[in-house]
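In full-length UniProt numbering, the protein residues as written are 1 to 189. Take a look at the structure set out below.
And the structure:
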């Protein structure tokens with residue numbers, strides 16, 4: 001007669017790395033304590049499983065930040081693709097950027113955190129977002145310095161998003177989008 005075992009069921013994922021990143025982002029946004037072990041529990045895999053993809057907590061955080069930049073790029077691309085010839089005003093891109101920060105404040109903070117500044121994949125994903133903004137700027141203003149304008153636009157959007165998230169400009173300000181539009185108009189002046 002065989003003895004029943006109490007072996008834990010093993011869960012298999014088609015893409016464990018992506019599942020771990022998604023779970024990490026969920027935990028981050030929910031404000032839950034975050035560790036590779038906690039992410040493994042959330043996904044339903046062994047505590048050792050995340051180490052097949054990430055050597056440390058910082059490695060998964062870098063992957064989460066990279067994912068955030070890809071999501072931001074997709075949101076910007078959707079607005080660009082919905083306009084004629086991709087000529088969307090920079091302020092509209094800024095509003096997408098700011099709304100992304102509002103919708104994902106913890107991920108946004110991770111994406112721009114200095115502790116991940118040296119991660120190559122995160123830097124590349126960030127550079128692709130900037131390249132997209134620069135591309136749109138060049139289409140709208142072919143006679144201007146697209147790189148300089150894109151840098152100024154990103155800096156203004158990032159500053160407005162950060163000030164808004166910190167409550168400096170009023171977190172519940174119903175007219176915040178109007179404030180952003182006014183700031184861009186003043187700078188474009």
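Ideal Cβ positions, reconstructed from N, Cα and C, are used throughout, including at glycine.
Check	Outcome
Please report the Cβ distance between residue 36 and residue 57, rounded to the nearest whole angstrom; I am assuming they are in contact, meaning their Cβ atoms lie under 8 angstroms.	6 angstroms
When we look at the beta-carbon of residue 144 and count the other beta-carbons within 10 Å, is it buried (16 or more) or exposed?	exposed
What did DSSP end up calling residue 88 once you bin it into helix, strand or coil?	coil
To the nearest angstrom, how far is it from the Cα of residue 38 to the Cα of residue 90?	40 angstroms
Should residue 100 and residue 75 be called a contact, given that it needs their Cβ atoms to be closer than 8 angstroms?	yes
On a Cα-Cα basis, can you pick out the residue from 168, 68, 28 and 84 that is closest to residue 106?	28
Please return the same chain residues whose Cβ sits closer than 8 angstroms to the Cβ of residue 169, not counting the five positions on each side in sequence.	160, 163, 176 and 179
Rounded to whole angstroms, what is the Cα-Cα separation between residue 125 and residue 118?	12 angstroms
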